[in-house]
Structure formats: structure tokens, C-alpha cells
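Residue numbers (my numbering), protein chains in the order written: chain L, 981 to 1264; chain U, 981 to 1264.
Next up, the structure:
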């Protein structure tokens, strides 16, 4: 795998950073994950816009223009060859003596990699198991920070219970999954928690909302209580890498009839159609 | 500066980790900071015990025995020469393909460094300014995790207001400083918040409590409300690197009479005496 690090393309085995990099020492950085379909980077402007918001959230200037990002990422995708990839990029506050204070003269560290992704529609169609966990994360989850230890430990709680995802509850309301946003369907209406400092503004989340609106499917940004989650007809999680995944069991109990629901089928197909159009250059 | 990385001692400029290290990618690791006085490592057993608790908190086995840690850290201190140092050590979950799931076969990354520390009693005696900030951190602050971005951003809020430390309030109660524990004095009684998942069990904090008890100074583990903080006769912050520091202004208003208080003077001297005894091999 060829990766990008601070201006160079190089084999991942040679890509190393100083032990004093604030990414390594403090988790002081932000990231993005962007799908690549048919060699094209999906919704890059949306991701770069969110990147800017994350950088602003940690008071770090973007070390490259959007145009330069596009050039670098497109070259990275090309060098890694395959049609469908998952592109990852990370910016940290750079290398400095270990002190909480922002360093005065550090250059941000810029890292990007892209890994091939196999289509896994079959997996998705079976649905997944999720468990609920208490949301123990910080209060600025709108920043896509690399300091993901809390998410990792919550995801681990799901794995330990034989589940694939943890759905987080803060004060008995749904925030998001350990690595996804959450949707439910209640009496034919699609609901997802409104954007706030307590959850990441997902690019896939936004696309799902867009697809609902464009196809006259009732969809609302609305707080989801634990009670609503547990009695939902359908639950989905969304993320750039996993797209839209139906949750068929929650804490061991079937969601709806225990099968992926009809609105999930509909959105899944709309999403696949959108992807196909994108592959052919007919969508952003 | 000579550092330790995965079994080797090497110059810091050569100490590099893979971009896939989970410390760099996820903030998935823990750390300790340990003072060295007169070439002796201060309260090492306490720090190694806390290290084990942090590792347990993130489900990672300690890659070295306490005996091995002692050998490595003592060699590091010796190689770095000076009498007083600040020793830093960090363990991450190692190098693996980027996935939230714990890797099956990664070796933890072990890093340690030690930097000379000049005595700065004069600075301390002047006292510092602190501001209050909302505690935005996660709920497992008892784990000394490297994912410190929230602390860094809160410390930044203090710096932007011309202060030296941020004192964090969660639901109107004091938790800790951005990089310290907090004590107040109220009518001659020393108070510090009880240990919980919301704050780090500081080694210096514990020593201050010990010194109070050993010297018949009334001292209690007790929740401190915002109101109590604002009307305190004295406020101190404690940490391994800064020892006991009096806060003389809080959010711009003087604390007590705006000078370091008498109980701070007393504890400061008791702490310095303890350190001197330690330097001479007469204390742990």
C-alpha cells in the first residue's frame, strides 16, 4: 500500500512519524474517511467542508487548499489502483516538545492512505446485531477527532456481547453508533437525531436525509428517546464505509420482525442507485 | 535526548513509529509522568500501580513486569544525566490495520523519555491565574489516556484568557484542572474531590492528602461545588510536574486575599521536605 505523508508518496512500511508527533502523544488531530467508487472520490467537497469544521474546532489551519487536497487524494487513489477504496486522511498538530500548550512553530503532520474495499451487499442485507451502551464520550463529538479511545472501548463492549455495533445513549437519548450515525423508522417516518455538539454530522447521514426528501419519504431530524429506539419498527446505522446497515436485533431483542425493514430496502436501493450514477459521473 | 522505544535506547530524532500505530491513529494508549529527584524516580510503585489500572481500563496487558519497568526507566534516567527530570512513558495498542476492533496480534508500542527539569520554586510562590471551564471530557477520566485533545482544548481556553490553568466544572462541581488535581481550603479545612470515574487519581494529590493526615491538618475527600470554589480561602492545583501550586486569581477575581495562603505555604514546605528526604533515600 502506498500512502501519503507530508508531501511524499511512499510504502506504508516506510511511513513513520516522530514519537513527539502530537497525534501520537496527545491524540491532537482530526481525520476523515471518504469512500471511493469506480475510482471517483465520493462527495469530496462535503468531506473537505467537514474537515475544515473539525480543524476549526481544534484551532488548526488547513495545511492545504481544497484544490491541493483533491490533487493529492486523486493521486493516492490512482496509485492504489482498485475501483472501490476507502480513503483515510489525518492531520495532527505536528511534532513538538510535549506540552499541552499549542506549539508555536510546529508544521502540521498530513497523512493519507487508501485501502481497497470489496462490495459487501450480502453482509449488509442480513442485518447486524447492536447493543446499547452509555455514551461516555466528550461533549464535542461534532469534531471528527482522532482521539477515538472512547469509541474503541464502546465498540469493544458491543463485540464482547457478540454484537457488531454499539448504539450510544446519553441521558436516555440516542446520540450515534460507536462508528456510525443512527436512524429509526417509527410508523413510516424516518427519524435521526438532530445535529449538535453531541454527534458527528455524518456525510452518509446527510445523503440519507437528502434521498428521503427527494423521494417523498417522511424524514425528520428529531431527538430519539431510548424508549422510541426500543420500540422502533426499523433501526439503521449509516457510515461512509458501511453505507446503510439494518440493525435486526437490539440488546438481543428483535427489531420489528427481526428482518431488515421495507424502508431500509427502499433507502438501500436509492443509495445504490445514487452510487451507480456517481460511478458514471452523473452525481456528486 | 535519549529515549526508549520498543526495547532500544536511541536519540529522539531517530525514534519513530508507524503511521498505523494505534496511538497515532486512535489515541489508543495510556501514559504516566513521573518526577525524578536527585536521580531517583519518585513514587515509582504508585505510578506503576496506576499504570496497571489505566491498562486494565483499556483492556491491554502490561507488556513489561514492574521490575523490568524499573530497570528500563532507571537506565533512561541515567542516560539523560541530570539530577531532576520528568519521566514520561506511554504504551499504545501497537501497529495494526485501521479498525476499531482490538487487533489480534499487535505488539504494544512502549515509549519512554525523560527531560531535565529546573527547580522553579520562585514561579510557584507567586501563584497562578486560573479560569473555570465546562468539563467537556469523557466519563472515564480515571484512565490516564493519551487521547488528551479535550484537555488540550480546555487548557487553550485558559491560555486565551491569559491564565495558566483551566479548572473544570461538571454539572457545577469541580472535577480537576486540565492537567492537575484541585484542592481548596475552606475555614482551615483542606478539601479535594473524591476519586471517581470523573477525575484522575493523582499521585501528587494522594501525597498531599497523606501529608495533611501525617501533620494533623484537617483534610477531606469531598465534592466541591462551584460556589465553594468561588468562595474558597485558598485554591491549589497539584501535579507530578508542578507539585503544589497556589491559584491566586480565579476568573479574574482574587482568591482569598489574592496571595498564596498560609496552608499552601505549610503544605509546600512539607512537600519540599518530603522531596529532600527522598533525595537522600529516606522516603519512598
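Ideal Cβ placement from N, Cα and C applies to all residues, glycine included. Since this is a predicted model, take the numbers as computed values, not measurements.
Flagged as an interface residue toward chain U: residue 1135 (chain L), by a C-beta distance shorter than 8 Å. In this structure, residue 1228 (chain L) places its C-beta atom within 8 Å of the C-beta atom of residue 1234 (chain L).
A straight-line Cα-Cα distance of about 20 Å links residue 1153 (chain L) and residue 1144 (chain L).
Remark: C-beta atoms of residue 1163 (chain U) and residue 1218 (chain U) approach each other more closely than 8 Å. The C-beta distance from residue 1116 (chain L) to residue 1120 (chain U) rounds to 6 Å, short enough to fall under 8 Å. Residues of chain L whose Cβ lies closer than 9 Å to the Cβ of residue 995 (chain U) are, in chain order, 998, 999, 1000.
Taken through DSSP and simplified to helix, strand or coil, residue 1053 (chain L) comes out as helix.
Burial state of residue 988 (chain U) is exposed, judged by a 10 Å Cβ sphere holding fewer than 16 other Cβ atoms.
Close CB contacts of residue 1011 (chain L) within its chain, under the 7 Å cut and outside five residues either way in sequence, are with 1068, 1069, 1070, 1124, 1126 (chain order). In the DSSP annotation of this structure, the continuous segment of the beta strand (DSSP E) that includes residue 1091 (chain L) starts and ends at 1089–1096.
Taking a contact as a CB-CB distance under 8 Å, the pair residue 1091 (chain L) and residue 999 (chain U) counts as one, their CB atoms being some 5 Å apart.
The C-beta distance from residue 1074 (chain U) to residue 1089 (chain U) rounds to 5 Å, short enough to fall under 8 Å. Boundaries of the alpha helix (DSSP H) around residue 1259 (chain U): 1242–1259. Minimum Cα-Cα distance from residue 983 (chain L) among the listed residues L:1141, L:1053, L:1232 corresponds to L:1053. It is roughly 17 Å from the alpha-carbon of residue 1104 (chain U) to the alpha-carbon of residue 1017 (chain U). DSSP, reduced to helix, strand and coil, places residue 1134 (chain U) within a helical segment of the structure shown. Counting along the chain, residue 1229 (chain U) sits inside the beta strand (DSSP E) bounded by residues 1223–1230.
Residues of the stretch 1153–1179 of chain U with a C-beta atom less than 8 Å from some C-beta of chain L are 1158, 1159, listed in chain order. Contacts with chain U at 8 Å (Cβ-Cβ) include residue 1082 (chain L). In summary, residue 1008 (chain U) is buried, with 16 or more beta-carbon neighbours lying within 10 Å of its beta-carbon over all protein chains present. Contact note: residue 1120 (chain U) reaches chain L through 1116, 1130, 1133, using a C-beta cutoff of 8 Å and chain order. Close CB contacts of residue 1160 (chain U) within its chain, under the 8 Å cut and outside five residues either way in sequence, are with 1145, 1182, 1217, 1218, 1219, 1222, 1225 (chain order).
Pairing residue 1065 (chain U) with residue 1097 (chain U) gives a Cβ-Cβ distance under 8 Å.
Counting the other Cβ atoms within 10 Å of the Cβ of residue 1262 (chain L) gives fewer than 16, which makes it exposed. Rounded to whole angstroms, the gap between the alpha carbons of residue 1236 (chain L) and residue 1168 (chain L) is 12 Å. A check of alpha carbon separations from residue 1085 (chain L) across L:1174, L:1211, L:1208, L:1002 identifies L:1002 as the nearest. Counting every other CB atom within 10 Å of its CB across the protein chains shown gives residue 1241 (chain U) a total of 16 or more, marking it as buried. Check the Cα spacing between residue 1214 (chain U) and each of U:1239, U:1087, U:1192, U:1203: the tightest is with U:1239. The beta-carbon separation of residue 1046 (chain U) and residue 1033 (chain U), rounded to 13 Å, does not stay under the 8 Å limit for a contact.
Ranked by Cα distance from residue 1136 (chain L), the first of U:1042, U:1057, U:1022, U:1079 is U:1079. Within chain U, no residue has its CB atom less than 7 Å from the CB of residue 989 (chain L), the nearest being about 13 Å off. Judged by their CB atoms, residue 1004 (chain L) and residue 1082 (chain U) are not nearer to each other than the 8 Å cut-off. The same chain holds no residue with a CB closer than 7 Å to that of residue 1140 (chain U) once the five nearest residues on each side in sequence are set aside. Annotation: the continuous alpha helix (DSSP H) that includes residue 1025 (chain L) extends over 1024–1037. Across the set U:1063, U:1030, U:1025, the C-alpha of U:1063 shows the shortest separation from the C-alpha of residue 1256 (chain U). Contact annotation for residue 1008 (chain U) against chain L: 1128, 1129, 1132 [CB-CB distance below 8 Å, chain order].
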